[in-house]
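Chemist: The structure follows.
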C-alpha cells in the first residue's frame, strides 16, 4: 500500500506534467508546515513557493521540489540525492557543494545557479536551462543532458570536483 502523502505528491506531479492546473500549498509563510511534518518524515515542497528559502546543509534525500518556485534559495551543502526538481524554477539559487546524485531535474530552470563543486552524477536534466550557471568543479558524470545544453556547459567547464576528484570537463564528455 502506498502512503497517502507519497500518493498525493505523485498525483500532483502527474497533473503538473500533464498541464492541468493544480493548487499547491504555499509554504513560504510556513503555514501548515508543522502539521504536514507530523504526518510524514519529510516535508514535500511540490508546487510550493520557496523563494529565498534556506535549505543549506540539510538532509533532503528523495525530497520533491517538483514545480516549486525557489529563486535565490540556498541549497549549498545540502544532500538532495534522488530529489525531484522537475519543472521547478531555481534561478539564481545556490547549490554550491550540494549532493544532487540521481536527482530528477528535467525541464527545470537552473539559470544563474551556482553549482560550483556540486555532484550531479546520474542526474536527469533533459530540457533544463543552465544559462549563466556557475559550474566550476561540478561533477556531471553519467548525467542525462540535452546535447545543446551539454555543449554550452562544455564552453565554460573547468575545475575538479573536490569530493569525487572528477574534472568537470571529463564528467561532461567535453572534447
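In the numbering used here, the protein residues as written are 1 to 175.
Cβ atoms here follow ideal geometry from the backbone N, Cα and C, with glycine treated the same way.
Can you say whether residue 50 is buried or exposed, counting buried as having 16 or more other CB atoms within 10 angstroms of its CB?
Modeler: The residue in question, residue 50, is buried, as its Cβ has 16 or more Cβ neighbours within 10 Å.
Chemist: With 16 as the cutoff for other CB atoms within 10 Å, does residue 54 come out buried or exposed?
Modeler: It is exposed - the Cβ of residue 54 has fewer than 16 other Cβ atoms within 10 Å.
Chemist: Can you tell which of 140, 144 and 165 has its C-alpha closest to the C-alpha of residue 157?
Modeler: It is 140 whose Cα lies nearest to the Cα of residue 157.
Chemist: With 7 Å set as the bound, which would you pick, yes or no: does the beta-carbon of residue 91 sit closer than that to a beta-carbon of chain D?
Modeler: Of the protein chains in this structure there is only one, and it is not chain D.
Chemist: Which of helix, strand or coil does DSSP assign to residue 96?
Modeler: Residue 96: coil per DSSP, three-state reduction.
Chemist: Opposite residue 69 in the DSSP bridges: which residues?
Modeler: Partner(s): 49 and 89.
Chemist: Looking only at its own chain, which residues have a Cβ that is under 6 Å from the Cβ of residue 127, when we skip the five neighbours before and after it?
Modeler: Excluding sequence neighbours, residue 127 sits near 106 and 107.
Chemist: Please list, in chain order, all residues of the same chain as residue 21 whose beta carbon is under 6 Å from its beta carbon, the five residues on each side excluded.
Modeler: Model confidence at residue 21 stands at a pLDDT of 38, short of 50, so the residue's coordinates are unreliable; what they give is reported in the following sentence. Taken in chain order, the list of residues that qualify is empty.
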